[in-house]
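Below is one structure, written out as structure tokens, with a few remarks after it.
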Amino acid sequence: MELPFAESYKIKMVETIKRSTREEREKWLKEAYFNLFNLRSEYVYIDLLTDSGTGAMSDKQWSKMMVGDESYAGASSYLIMKDTIKTLFGFNDFLPTHQGRAAENVLFSLLVKEGDIVPGNSHFDTTKGHIEFRKAKAIDCTIDEAFHPTQYHPFKGNLDLNKLEEVFKSNSIEKIPFIVVTLTCNSSGGQPVSMQNLKDVHAISKKHGTKVIFDSARFAENAYFIKIRENGYQDKTIKEIVKEMYTYSDAMTMSSKKDAIVNMGGFIGFSDRQMYEEASVYNIMFEGFVTYGGMSGRDMNALSQGLMEGTEFDYLETRIKQVEYLGEKLKSYNVPMLEPFGGHAIFLDAKKFLPAIPKEEYIAQKLATEIYLEGGVRAVEIGTLLADRDPVTRENRYPELELVRLALPRRVYTNSHMDYIAAAVANVYERRNEITRGLKILREAPIMRHFTVELERL
Ligand code: F0G
193 MELPFAESYK IKMVETIKRS TREEREKWLK EAYFNLFNLR SEYVYIDLLT DSGTGAMSDK
253 QWSKMMVGDE SYAGASSYLI MKDTIKTLFG FNDFLPTHQG RAAENVLFSL LVKEGDIVPG
313 NSHFDTTKGH IEFRKAKAID CTIDEAFHPT QYHPFKGNLD LNKLEEVFKS NSIEKIPFIV
373 VTLTCNSSGG QPVSMQNLKD VHAISKKHGT KVIFDSARFA ENAYFIKIRE NGYQDKTIKE
433 IVKEMYTYSD AMTMSSKKDA IVNMGGFIGF SDRQMYEEAS VYNIMFEGFV TYGGMSGRDM
493 NALSQGLMEG TEFDYLETRI KQVEYLGEKL KSYNVPMLEP FGGHAIFLDA KKFLPAIPKE
553 EYIAQKLATE IYLEGGVRAV EIGTLLADRD PVTRENRYPE LELVRLALPR RVYTNSHMDY
613 IAAAVANVYE RRNEITRGLK ILREAPIMRH FTVELERL
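In the numbering used here, each residue carries its 1-based index in the sequence shown increased by 192.
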């Protein structure tokens, strides 16, 4: 008999999680005003709110925590991180930051000015936020295939080179400080970018004389997809692929809470010494001195170790196969989803799931609350609540796709948990025709409303 696939690790420490009753969840959800961010984590059985900072560190990472060097300047933990970044990405210089958006804040303080244009592939919210906060504009150049929920394309995170060229044609080059490429593209469903596309985008940027910055939160998952799906990379290691990817960038911002498998941390990597020196000033102001930047020595140690583990093929195969396992299970129940499945999450297509609910009643949020009621599984809405109101007209912005993201923490849940999640979602799907009304907003903040919004049932 052929031996089946199995995880590339075993479990050494466990954390108890508790199931609850439907009646309890009804009460808690009402108290949370139908906003899953307002729930206490102990009211959640399986938490798929995010894969960010929720991973399980390894025994090796924990052991490195014990030998962190907490010196203010010149700590060995800093030097280890510098070496690791040089080895993996080829960058000589880096700045530590406390998380990904802090890296964006520091780097964009240097590079983005009022009136600038920053093209990219479906910029992540905080990336877009840091661009728009500086009165600049983010232009989405993702390929059209990304907007078709089930059309197959191996690299749905790719940038459309014609759309990109159009941005250069209609704007002066002084207004385009850089192109941002998000690996994998979270906002388009955790979809990867091909090596060929990275190469082409880099060539376009050099032709016009601008930079390329990789938003790198899930760079290792992206490299895994290149190895599996792109011709010519099957025999290369993940680390070799990563090294090549970064030859097509000038700098990187990193949220280490994802593919570096730590609970907090981030950094900026630089190929250009002068850019590093200029950005250092902002790092010192916003984050901390250049050799710690908002992180303790032990955290930098765990991060360096996590980067090495996160770029091991066996780990990535286990991780991405678990996402696929959940996706295939849901598919066997005919649940509508984005395909191909993302690297870090499954995205449910809420409009197809609950077709009776009008868009004004927050379809995806309604679906996320029903999944919680069904099984105590917490997911996140990526729909009208997240899209927020137009800053000028104050009208709701209704995105093309209403999604519910089931993001899988790294090395945390087993495939029995996946079976449970799939069954909970399938049960909601089975009674979908009874779910005809959505939710109504009672109170909302002027920006980033999805975190604190209060709703009620219609
Ligand atoms: N870039 C991408 C692609 C991200 O997914 C995130 C965070 C960030 C930047 C910001 O990093 O959280 O460390 O400040 N994504 C989380 C998520 C929040 O749930 O997808 P951060």
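From the three backbone atoms N, C-alpha and C, an ideal C-beta is built for every residue, glycine too.
Measuring only the C-alpha atoms, how far is residue i from residue j?
{"i": "Phe286", "j": "Tyr270", "result": "10 Å"}
{"i": "Leu241", "j": "Arg603", "result": "15 Å"}
{"i": "Asn378", "j": "Ala471", "result": "26 Å"}
{"i": "Asp451", "j": "Arg410", "result": "5 Å"}
{"i": "Glu501", "j": "Glu223", "result": "41 Å"}
{"i": "Val482", "j": "Gly260", "result": "17 Å"}
{"i": "Tyr235", "j": "Asp336", "result": "40 Å"}
{"i": "Ala494", "j": "Ser362", "result": "45 Å"}
{"i": "Ala618", "j": "Phe545", "result": "10 Å"}
{"i": "Leu280", "j": "Gln514", "result": "25 Å"}
{"i": "Lys543", "j": "Ala556", "result": "7 Å"}
{"i": "Gln466", "j": "Phe370", "result": "16 Å"}
{"i": "Ile323", "j": "Val304", "result": "7 Å"}
{"i": "Thr276", "j": "Pro341", "result": "38 Å"}
{"i": "Glu566", "j": "Asn607", "result": "19 Å"}
{"i": "Ser397", "j": "Val404", "result": "7 Å"}
{"i": "Arg211", "j": "Arg232", "result": "14 Å"}
{"i": "Leu499", "j": "Leu650", "result": "46 Å"}
{"i": "Ile420", "j": "Leu353", "result": "23 Å"}
{"i": "Thr213", "j": "Arg624", "result": "21 Å"}
{"i": "Arg695", "j": "Lys558", "result": "The first residue shown for the chain is 193 and the last is 650, placing residue 695 beyond what the model contains."}
{"i": "Gly535", "j": "Ser386", "result": "14 Å"}
{"i": "Val645", "j": "Ser447", "result": "26 Å"}
If I follow the unbroken alpha helix (DSSP H) through residue i, where does it start and stop?
{"i": "Lys419", "result": "Phe411 to Arg421"}
{"i": "Ile272", "result": "Ser268 to Phe281"}
{"i": "Asp251", "result": "Asp251 to Met258"}
{"i": "Arg293", "result": "Gly292 to Leu303"}
{"i": "Arg217", "result": "Arg214 to Glu223"}
Over what stretch of residues does the beta strand (DSSP E) that includes residue i continue unbroken?
{"i": "Phe462", "result": "Gly458 to Phe462"}
{"i": "Ser441", "result": "Premise fails: Ser441 is in no beta strand (DSSP E) and is neither H nor E."}
{"i": "Leu240", "result": "Here Leu240 belongs to no beta strand (DSSP E), and DSSP marks it neither H nor E."}
{"i": "Arg597", "result": "Leu595 to Ala599"}
{"i": "Glu573", "result": "Val572 to Ile574"}
{"i": "Glu646", "result": "Glu646 to Arg649"}
{"i": "Leu287", "result": "Asp285 to Thr289"}
{"i": "Ile309", "result": "Ile309 to Gly312"}
query: What does the shell around the ligand F0G hold, if a residue joins when its beta-carbon is under 6 Å from any heavy atom?
result: Thr242, Ser244, Gln291, Gly292, Arg293, Phe316, Thr318, Thr319, Thr374, Asn378, Asp407, Ala409, Ser447, Lys449 and Gly458
task: Decide if the stretch 501-509 is in contact with the stretch 310-323; the criterion is three or more beta carbon pairs, one per stretch, under 8 Å apart.
output: With a cut-off of 8 Å, the stretch 310-323 and the stretch 501-509 do not count as touching, because too few Cβ pairs lie within range.
- prompt: Is there contact here, the stretch 209-224 with the stretch 243-262, by at least three beta-carbon pairs under 8 Å?
  reply: No, the stretch 209-224 does not touch the stretch 243-262.
query: What runs of the beta strand (DSSP E), each 3 residues or longer, lie entirely inside the stretch 314-356?
result: 329-332
field: Sufficient close CB pairs (3 or more, under 8 Å) joining the stretch 589-597 to the stretch 525-543
entry: yes
- prompt: Which residue spans inside the stretch 474-560 form an unbroken alpha helix (DSSP H) run of at least 4?
  reply: Positions of the alpha helix (DSSP H) runs, each at least 4 residues long and wholly inside the stretch 474-560, are given as 489-502, 505-524 and 542-545 in order along the chain.
Sequence ranges, beta strand (DSSP E) only - wholly within the stretch 608-636, length at least 3: 631-635
- prompt: How about the stretch 316-324 and the stretch 483-493: do they share at least three Cβ pairs that are nearer than 8 Å?
  reply: no
message: Give the list of continuous beta strand (DSSP E) stretches no shorter than 3 residues that lie fully inside the stretch 375-413.
response: 403-407
Inter-stretch contact at 8 Å, needing at least 3 Cβ pairs: the stretch 518-525 / the stretch 286-299: no
message: Could you check whether the stretch 569-580 touches the stretch 348-359, counting it as contact only if at least three pairs of C-beta atoms, one from each stretch, sit closer than 8 Å?
response: In short, these stretches do not touch, since the Cβ pair count stays below three.
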